[in-house]
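**Q**
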Amino acid sequence: TFERCDKKLVVDQEFATAKQRSTGAGVWECGEVLSAYLEQTPATCRGKRVLELGAGCGLVALALAARGADVVATERAVA
Numbered sequence: 362t363f364e365r366c367d368k369k370l371v372v373d374q375e376f377a378t379a380k381q382r383s384t385g386a387g388v389w390e391c392g393e394v395l396s397a398y399l400e401q402t403p404a405t406c407r408g409k410r411v412l413e414l415g416a417g418c419g420l421v422a423l424a425l426a427a428r429g430a431d432v433v434a435t436e437r438a439v440a
């Protein structure tokens, strides 16, 4: 659970099985840092259209949306 932009963002991180241990299974430190930065700079996000490729579990996309960006986030399972 992360507090960003006056909202509680809940990210379900699943590491229970080997199949779920992918790069998108949890929040990376860089995602925590970037989402915190976006919280402090709302003008960076508001009214912008954002395509996040490789969004993982989506913390940055959630933070962007909470700050008023129009976000499309994608994550592709390993083939």
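In this note's numbering, each residue carries its 1-based index in the sequence shown increased by 361.
We put the beta carbon where it would ideally sit given N, CA and C, even for glycine.
Since this is a predicted model, take the numbers as computed values, not measurements.
#1: Leaving out five residues on either side along the sequence, give the residues of the same chain with a beta carbon under 8 Å from the beta carbon of Arg407.
#2: Please return the same chain residues whose Cβ sits closer than 6 Å to the Cβ of Ser396, not counting the five positions on each side in sequence.
#3: So the candidates are Lys368, Arg437 and Gly417; which of them puts its Cα closest to the Cα of Glu390?
#4: State the start and end residues of the unbroken alpha helix (DSSP H) segment that holds Val372.
#5: I'd like the list of long-range same chain contacts for Glu393, defined as Cβ closer than 8 Å, with 5 residues on each side in sequence excluded.
**A** On the basis of the data shown:
#1: Working through the sequence shown from its first residue, we reach residue 407 at position 46. Only Arg428, Gly429 and Ala430 meet the Cβ criterion.
#2: In the sequence shown, the residue the question calls residue 396 occupies position 35. Arg365, Leu420, Val421 and Ala424, listed in sequence order.
#3: Taking the sequence shown and counting its residues from 1, one reaches residue 390 at position 29. Of the candidates Lys368, Arg437 and Gly417, the one whose C-alpha sits nearest the C-alpha of Glu390 is Gly417.
#4: As a position in the sequence shown, residue 372 is number 11, starting the count at 1. Where Val372 is concerned, there is no enclosing alpha helix (DSSP H), given that its DSSP letter is neither H nor E.
#5: Stepping through the sequence shown from its first residue, residue 393 is reached at position 32. These residues qualify, in order along the chain: Phe363 and Leu420.
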